[in-house]
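Sequential numbering from 1099 applies to the sequence shown in this note's numbering.
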Amino acid sequence: MAPSRYKDKDAGVVLSFSGQWVSWSHTAIAYSAFLSALVIGCALHYRKIVQNEWYGYPDEWFPSVSATIGDRYPERSIFMIFIAITSGPRFALVGLWYLLTAKPGHTLPKAIAISGLVRTLTCGGWTYITSTDDHDWHDILMISYIVFTIPWTAGCIKLSPPNAKAIKYRKYLAGAFFGTLVPLVYFFIQHKVHRVAGAYTIYAFFEWSLIILDIAFDAVTALDFDTFEVVVKDVKGASKGANTSSVPSAMLEKEKDKATAGVFSAGFRWADALDIAAEVYHGFVFWSILTSLGLVVWYFPLWHMGISGYEALVMSTVTPSFLAIRSLRSLIIKNQRLVHLLSLAGLVAYKVQDPVYRLFTVGFGVAMSCLGWAATLHSDSVQPARLEMRVLAWTMGLLMSSVAKFAWYTNNPIWPIMHAANGGWNGTGLVLGVLAALRFTRRAPLQGGSPAEDKSGSTVLSAFGIAGLFFGLHSLLSDTSTMILWVWDGYPIRGPVSNVHGWYTIAAMTAGVVAGVTRPELVTTWTAYAVGCLGAAILTLYHHWFGYYGGLTLAAYLMAIATPLISSAAKKSPAVTFGLGFFIYNFLVLFHVWVVAYAFVPGGPLVREHTDWVMITMMLFIGAGVFNLISQQARSGTRHADKRRATNTGHRKYHAGMLGLLNILFLCANVLRFPTNDYKPYHAKDRLITAGIWTIHFSLDNDMWSSEYRMRDLIKELELDVVGLLESDLQRIIMGNRDTTQFLAEDLGMYVDYGPGPNKHTWGAALLSKFPILNSTHHLLPSPVGELAPAIHATLDVYGTLVDVFVFHSGQEEDPEDRRLQSEYLSKLMGSSSRPSILLSYLVTKPLQGNYNTYVSDISGMHDVDETDDDRWCEYILFKGLRRTGYARVSRSTITDTELQVAKFVVPSSDEDRVSAWTAPKALRDRRVQEHEVPEGWRFPSMFRGEGVRGHQYHVFDEPRYFNF
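1) Using CA atoms only, rank isn't needed, just tell me which of K1449, Y1589, V1693 and Y1455 is closest to A1892.
2) CB P1672 to CB L1475, shorter than 9 Å?
3) In the structure shown, what three-state DSSP assignment does W2117 receive?
4) Are V1850 and L1865 closer than 9 Å when you measure CB to CB?
5) Would you say the region 1725-1734 touches the region 1564-1571, given that touching needs at least three Cβ pairs under 8 Å?
6) At 4 residues or longer, what runs of the alpha helix (DSSP H) sit wholly inside the region 1435-1460?
7) In its own chain, which residues sit with a C-beta less than 8 Å from the C-beta of D1231, not counting the 5 before and 5 after it?
8) Where do the ends of the beta strand (DSSP E) carrying I1512 lie?
9) Please identify the residue among I1975, L1846, E2010 and D1811 whose C-alpha is closest to the C-alpha of R2048.
10) Residue range of the beta strand (DSSP E) that Q1999 falls in?
11) If you measure between the beta carbons of V1903 and L1894, is that distance less than 9 Å?
12) Does the region 1112-1126 touch the region 1184-1195, meaning 3 or more C-beta pairs lie closer than 8 Å?
13) With 16 other CB atoms within 10 Å as the buried threshold, where does G2084 fall?
14) Please state if the CB of L1271 and the CB of E1305 are separated by a distance shorter than 9 Å.
15) Hey, K1868 and K1778 are a contact pair by Cβ (cut 8 Å); roughly how many whole angstroms apart?
16) Is W1792 helix, strand or coil by DSSP?
17) Going by DSSP in three states, A1744 sits in which element: helix, strand or coil?
18) Does the separation of the CB atoms of D1799 and T1994 fall below 9 Å?
19) Three-state secondary structure (DSSP) at V1111?
20) Let me know the secondary structure DSSP gives V2047 once reduced to three states.
21) Got a sec: is the Cβ-Cβ distance from W1119 to anything in chain D below 9 Å?
22) How far does the alpha helix (DSSP H) with V1850 in it reach, from first residue to last?
23) In its own chain, which residues sit with a C-beta less than 6 Å from the C-beta of T1638, not counting the 5 before and 5 after it?
24) Express the C-alpha separation of P2039 and T1299 in angstroms, rounding to a whole number.
25) Is it buried or exposed, I1179, if we count other Cβ atoms within 10 angstroms and call 16 or more buried?
26) DSSP puts S1931 in a beta bridge; with which residues?
27) Are the region 1788-1797 and the region 1518-1533 in contact at 8 Å, needing three or more beta carbon pairs?
28) Taking 9 Å as the threshold (C-beta atoms), are G1110 and D1332 in contact?
29) Do V2054 and T1899 have their beta-carbon atoms positioned less than 9 Å apart in this structure?
30) Starting from V1330 and walking both ways along the beta strand (DSSP E), at which residues does that stretch end?
31) For N1873, which of helix, strand or coil comes out of DSSP?
32) Decide if the region 1438-1458 is in contact with the region 1529-1539; the criterion is three or more beta carbon pairs, one per stretch, under 8 Å apart.
33) Kindly give me the distance between the Cβ atoms of I1682 and F1719, rounded to whole angstroms, as I take these residues to be in contact under 8 Å.
34) Where do the ends of the alpha helix (DSSP H) carrying I1427 lie?
35) Shortest alpha-carbon distance to G1461 belongs to which of L1215, T1389, T1508 and L1497?
36) Which same chain residues, not among the five before or five after T1220, have their C-beta less than 6 Å away from its C-beta?
Structural data, given as structure tokens:
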């Protein structure tokens, strides 16, 4: 950087640099834009970007500029970012050139400057409007750019200062640029008109040459701009802190602190930042352990098909009640570090292989974690700023947990159901957890063994508030997709989507955290409570965007009211506020499970399908806590007592930074997970659909590990284009508020219909498809006694033919009347479709007997995929209007308790084939053939023959069966 002529910085010069930096920065950024797009494009999408309308690789082997910068993510986005950055130096370059060449009485410099500005704007036009977006406007703007390049180039040469070197370079580069246009046009005609193979690759080289020459021509200005020095000068002294206002500086500073809630009132210290990071991570560990408890408990009733006795460990959270014993409270408060370190047993649990011992390890970790946090909050309650830090660590820990779960497709990477084989980061999480716990507890307790308790207000009402709050946070906000799936109602999409709009939940939670800390007097009002209740009602009663807006309102309210409720509870007896609070919270958890598991639990029918009762109870408990806060403030006259707390709010800037970082991390994950919606079936040339049905047992395998990765591998290896998943609704506390379909759909490249949402009280039915889902409706079939039977009726665009797919889970064996009514309902539903159809189902019937003859009947029009397979009871595949070509049964290994059934169908391509598929006689339709008699594309993978792989093999009849007519 050239030395400034302004030596006296006190004269007001705050920045100065040589004008050459404008040229250099423009050149570097512009080249980076194009070269980064080229490198990334070739690395990620080489064959796609060298493909043109006539030829692909190896005839064409080098991409054009347009294909590189305009067709694919992420290179297109990266290019656009660099071009946006280039615009600043570009406009500055045009401006400096005008200042350099402008002469009194001369109009040419003005004309050239205008052509430079128009040229820059048209460059932005063809850059951001690609040929894929709008081919005509892209070409118009591109041609305009080239047209305005002519006067710009000629004018720059004409107006060049007396610099022989610069003039020489401009002449050579301009000549090369316009000379390149001739072969460029020639090879474009060879490609476009004569369709010569390889011509477009040569054209691409000339196109890239134009880019290089064009940027190089403008880079020559660096030789002329050394005459300039750009100076930023402070003429009023504001940069030195001078106050030109009539208001005193002290008062202005006070107003700024008030407007920013004191977030930036103190200087930055790395030690303080590390403290806040450790506290938030420790809060993340708390929520990770707590949310894992339901998962490991759920494993046991899942395999026992009823209450197992291990459910008692949900009461692990009530350990704060031990603080009622004065001597024990004193011991725990004096040894908080030990208690918090012991709570990390919940992270170590992944090392325990036996599910029973793993459950007890997690239960111990939850017990220690709840005990330690209650003791810490109570001991720190005497100092408002320190208490606020602890509460923020708790609430922001939940936010961090939701961010991590989004990045890991709704699994938490440090859960005890995770390990390295299924994407877990348990070891890393444990090491960080130990360091965070040590940092979290490095300060001595502010109160001794028997801290003073706040006697104002009701301790019991405070406990009610804690119960309702924690249940709301856990059940609705521990995963960003939970509320989205509450309002999901099938295709066409009319509401939010989990992997696109999940950040809205994070944004609402963030806004709530900020409001709760900076404006507690607004949060602790009946008006705010009424708004929260309204949001809860809208979420419960409505679908689509309107329902989600209610959910966002409730999310913001829950996070906002958390700070006042927890702060108030910490000042009272922790044995009651947190001990009793968690006890009631546990019953709310059981209540919200009972509404769907009513067929398996005592008293279940009394609360059957009453999620509305659960939501009302939650809000009533929170209302009790709010009533306690408001009445407490009214009695003590501390409505605005928060002023005392504002005297030490330096920590808030670190929390604000952490909130910003968490949001940025979420958005980064959001970009990586953004759907491409360009999914392709495995055997499009054969017009083949490979469809499967699988009961996935809530994505917990036989050894209590999350099973998504193993399911993904088998579905991919069997080349399934369409798969129905049953027992797939995991959006409840006991199942970890997960959604397996997100990972499977995004990893396998499939569209997904989650099916009836978690507020529909079913065990779940989902549909994944390589083919676009044009329409889908969700059905809850008649279930007067037993569990609800969910069904999806979806219409797919399969090679241009509309095909209906039904996914269905029947009721239990113990409820024959339910199953009879369901068979009649589904038979009529399938019969209402005149399109080719596939049923992927769990029917609970024997072949050729009972309800089977309702499903396979003239009413439904459906045929069994193989009626000679008499060893079936649960899973069935039916079809009509398609040519069934294959059927196989693949063993489950230890992934679940049910096999994967797969069938292959060919979609008719002609009217004659369609008629044949609908009218072929049974003997012809069911004609079996050998594998060598069907085309290779119709065959099942050979890897599952014999012993198979990883415990998966063709079983029952030990090989696939093939059909052809």
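Glycine included, every Cβ here is placed at the ideal spot set by N, Cα and C. Remember, it's a predicted structure, so these values are computed and weren't measured experimentally.
In this structure, then:
1) Taking only the C-alpha atoms, the option nearest A1892 is Y1589.
2) By the CB criterion at 9 Å, P1672 and L1475 fall inside the cutoff.
3) Here the chain comprises residues numbered 1099 to 2063, so residue 2117 is not present and cannot be evaluated.
4) The Cβ atoms of V1850 and L1865 sit closer than 9 Å to each other.
5) Contact between the region 1725-1734 and the region 1564-1571 is absent: fewer than three C-beta pairs spanning the two stretches fall below 8 Å.
6) With a minimum length of 4 residues, the continuous alpha helix (DSSP H) runs that stay inside the region 1435-1460 are 1443-1446.
7) These residues qualify, in order along the chain: G1168.
8) Neither: I1512 is in no beta strand (DSSP E) and is coded neither H nor E.
9) It is D1811 whose Cα lies nearest to the Cα of R2048.
10) That run of the beta strand (DSSP E) goes L1998 to V2004.
11) Yes, these two residues count as a Cβ contact at 9 Å.
12) Below 8 Å, enough C-beta pairs join the region 1184-1195 and the region 1112-1126 to call them touching: three or more.
13) Residue 2084 lies beyond the range of the chain shown here (1099 to 2063); nothing can be said about it.
14) No, the Cβ-Cβ distance between E1305 and L1271 is not below 9 Å.
15) Rounded, the Cβ-Cβ distance is 7 Å, consistent with contact.
16) In this structure, W1792 counts as strand in the three-state DSSP scheme.
17) For A1744, the pLDDT reaches just 43, beneath the cut-off of 50, and the residue's location in the model is therefore unreliable, although a value from the coordinates is still provided. In the three-state DSSP reduction, A1744 falls in the helix class (H, G or I).
18) Going by C-beta atoms, D1799 is nearer than 9 Å to T1994.
19) Reduced to three states, the DSSP call for V1111 is strand.
20) Three-state DSSP puts V2047 in a strand.
21) In summary, chain D is missing from the structure at hand, where a single protein chain is found.
22) First-last for V1850: Y1849 to D1851, but that is the beta strand (DSSP E), not the alpha helix (DSSP H).
23) Non-local C-beta neighbours of T1638 in its own chain, meaning closer than 6 Å and more than five positions away in sequence, comprise D1710 and M1713, ordered along the chain.
24) Rounded to the nearest angstrom, the gap between the Cα atoms of T1299 and P2039 is 38 Å.
25) Answer is exposed; the Cβ neighbour count stays below 16.
26) Note: S1931 sits in no beta bridge, so no partner.
27) Verdict: no, contact absent.
28) Yes. Within cutoff.
29) Cβ distance not < 9 Å, so T1899 and V2054 don't count as in contact.
30) V1330: member of the beta strand (DSSP E) spanning E1327 to K1331, first to last residue.
31) If DSSP states are grouped into helix, strand and coil, N1873 belongs with the strands.
32) Yes: at least three Cβ pairs fall under 8 Å.
33) Cβ-Cβ separation between I1682 and F1719: approximately 7 Å, consistent with a contact (criterion under 8 Å).
34) What sits at residue 1427 in the sequence shown is Arg, not Ile. Taken as a continuous stretch (DSSP letters only), the alpha helix (DSSP H) holding R1427 covers R1424 to K1432.
35) The residue from L1215, T1389, T1508 and L1497 with its alpha-carbon nearest to that of G1461 is T1389.
36) Answer for T1220: L1239, S1242 and Y1243, listed in chain order.
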